[in-house]
Amino acid sequence: MRLKQQRSVSSDRRSGSQQACYTGLCFRKLRKLALVAAFVAACLCAAAPARADYVVLRNGSRLNVSGYEIVGDKFRLHLQGGFADVPVDDIVTIEPEEIFQPSLEPLSDKTPFQRLILAAAARHHLDPDLIHSVIAIESNFNPKALSPKNARGLMQLMPRTAELMGVADSFDPEQNIEGGTRYLSGLLKKYKNNLTLALAAYNAGPDTVDKYGHSIPPYLETMKYVQRIAKTYAKLKADASGPASAQPSPNAGF
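Position 100 of the sequence shown, counted from 1, bears residue number 343 in the working numbering, the numbering being contiguous throughout.
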């Protein structure tokens, strides 16, 4: 009788120990999920389906996503044409699109990459404030910016465009600004200094602009892009002072 009782007690202890381990394992999993959920709630603000967000990665890249979900210990980021699974630890934050606003300070010694902007603008006979505006809208001066369409760097060059412009590394600020400025200069020449068409072609491609009879393609993204550049450029020209704003600007055609 005592033996049976001892075995029962020993069995209960093993059962209790196993249950404790199981409970601890479950608790750790739940705690991990709770931390991820808290991270989503506090830092990510649970994106609405109709709004794109910007995911900022630890390596400095910024991705435009239409949604995200938790898959194990990773975030599944929904991109145009597919998705990417990214470890939670690789994500710094996710910013709602509404708060991603370009810097609107006039071009000055404090402007990131000012020297490169002035040099490229001079070589290709463009207004530095125009290059400043394009960089502000395209990447907000993030040289490691990467779009879902694989556009890269400060002026968001597509790989094929970078290749045509002789850019070996799109994430190198000097090469990117030189290539982007050269490309925009070529588009201005193609469209007879009409900045509206040049910017539309910069965003949607010259073939698309030509397809729609040398007019802005009926794409919301492209129309918004041209409007944002126009607004940024006009503000910079109004606020700027000094040599940069004294450069002749191309015919805006807005």
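Glycine residues also receive a C-beta, built at the ideal position from the N, C-alpha and C atoms. Small disclaimer: the values here were computed from a predicted structure and weren't measured.
Does DSSP put residue 317 in a helix, a strand or coil?
Looking at residue 317 - three-state DSSP - the assignment turns out to be strand.
Quick check on the DSSP output: what are the complete alpha helix (DSSP H) runs of length 4 or more inside the segment 400-486, in order along the chain?
402-407, 416-433, 438-447, 449-454, 463-482
Straight-line Cα distance separating residue 472 from residue 377:
A direct Cα-to-Cα measurement between residue 377 and residue 472 gives close to 7 Å.
Between residue 397 and residue 386, which are expected to be in contact by the criterion C-beta below 8 Å, what is the C-beta distance as a whole number of angstroms?
5 Å
Spatial neighbours of residue 303 within its chain, please: C-beta separation below 6 Å, excluding the five flanking residues on both sides.
387
Per DSSP, residue 327 forms a beta bridge with which residues?
320
Buried/exposed call for residue 381, threshold 16 Cβ in 10 Å:
buried
Can you tell me which residues form a DSSP beta bridge with residue 512?
Here the chain comprises residues numbered 244 to 497, so residue 512 is not present and cannot be evaluated.
Here's a check: name, in chain order, each residue in its chain whose Cβ is nearer than 7 Å to the Cβ of residue 462, leaving out the five neighbours to either side.
447.
According to DSSP, residue 310 sits in a beta bridge with which residue or residues?
321
How about residue 413 and residue 419: do their beta carbons lie closer than 8 Å?
yes
Who pairs with residue 366 in a beta bridge, going by DSSP?
In DSSP, residue 366 forms no bridge with anything.
7 Å CB neighbourhood of residue 320 in its chain, flanking five on each side removed:
Setting aside the 5 residues that flank it on each side, residue 320 is surrounded in the same chain by 298, 306, 308, 311, 326, 327, 329, each with a C-beta closer than 7 Å to its C-beta; the list follows chain order.
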